[in-house]
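Just so you know, we're using this note's numbering here: the sequence shown kicks off at -17 and counts up by one.
Beta carbons: idealized from backbone N, C-alpha and C, even for Gly.
All values derive from a computational prediction rather than experimental measurement.
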Amino acid sequence: MSFLLAMMIAMAHPAPAMSHADPVAVAAIKAGKHDCPHCDLAGADLSNTCVKGGNLEGADFSGANLTLMCMSYADFTGAKFRNTNLAAANLAHAKLDGADFTGADLTITSFKGTDLTKAVGLTQAQLDKACGDADTKLPAGLSVQPCE
């Protein structure tokens, strides 16, 4: 009986997803490398790091912590930011064509001068927590408040 109860509890409260990020790629980003196209960075803690102007096309950041990350002017074409914490990240002027923001936390995320028209998975609820400027381009029907 106790085994059955333990199984029911485990199924009702699954363990959090583990990072399957490439440890070499994570170390390179933390060491200041800005280019890492198609890298597996899913679940990694890259908070307060910088990839400004880098090439991260097709990189997978799903479930990662990118809080306070400097990501401006970088190429994230086709990148995955599914369920990623991008709180207070700077994505000003980043290239985000085809980037997937499904479930991402965009609290205080800056999209100044960024074209988001080809990004996917964005909702108004996410953008209500982010900011942009007059040069920020958004998918039809969505808006963003100005950064202060």
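Residue i to residue j span [Cα, whole Å]
i, j, result
"D4", "G40", "14 Å"
"G11", "F83", "Residue identity check: residue 11 is Ile in the sequence provided, not Gly. If I take the Cα positions, the gap works out to 21 Å."
"L120", "H2", "32 Å"
"L(-14)", "L28", "Only weak support is given to the placement of L(-14): the predicted model assigns it a pLDDT of 34, under 50, and the question is left unresolved by the model."
"G45", "H20", "16 Å"
"V8", "A61", "16 Å"
"G36", "G14", "10 Å"
"L73", "L88", "10 Å"
"G80", "L50", "22 Å"
"A86", "K94", "18 Å"
"V6", "F63", "20 Å"
"C129", "Q108", "15 Å"
"D17", "Q127", "30 Å"
Span of the alpha helix (DSSP H), counted from its first residue to its last, around residue i
i, result
"K15", "Unbroken run through K15: none, as it is neither H nor E."
"L109", "Q106 to L109"
Beta-carbon contacts of residue i that lie in its chain and below 7 Å, excluding the five residues immediately before and after
i, result
"T76", "Here residue 76 is Ala; the residue named in the question, Thr, does not match the sequence. Around A76: M53, S54, Y55, A56, F58 and T96."
Buried or exposed (CB count within 10 angstroms, at least 16 for buried), residue i
i, result
"S92", "buried"
"M(-17)", "Interpretation of M(-17) is limited by its pLDDT of 34, a score under 50 that renders its predicted location unreliable; the figure taken from the coordinates is listed afterwards. The residue is exposed, with fewer than 16 neighbouring Cβ atoms inside 10 Å."
"G123", "exposed"
"S125", "exposed"
"A116", "exposed"
Proximity of residue i and residue j at Cβ, strictly below 8 Å
i, j, result
"F43", "A70", "no"
"N67", "L48", "yes"
Cβ-based neighbour list, residue i, same chain, cut-off 8 Å, excluding 5 preceding and 5 following
i, result
"I90", "A69, A70, K111, A112 and C113"
"L78", "F58, T59, A61, T96, D97, L98, K100 and A101"
Cβ neighbours of residue i in the same chain (closer than 6 Å, five flanking residues each side left out)
i, result
"I(-9)", "Confidence is the limiting factor: at I(-9) the pLDDT is only 28, short of 50, which leaves the residue's position unreliable and the question unanswerable from this model."
"D22", "A3, D4 and D42"
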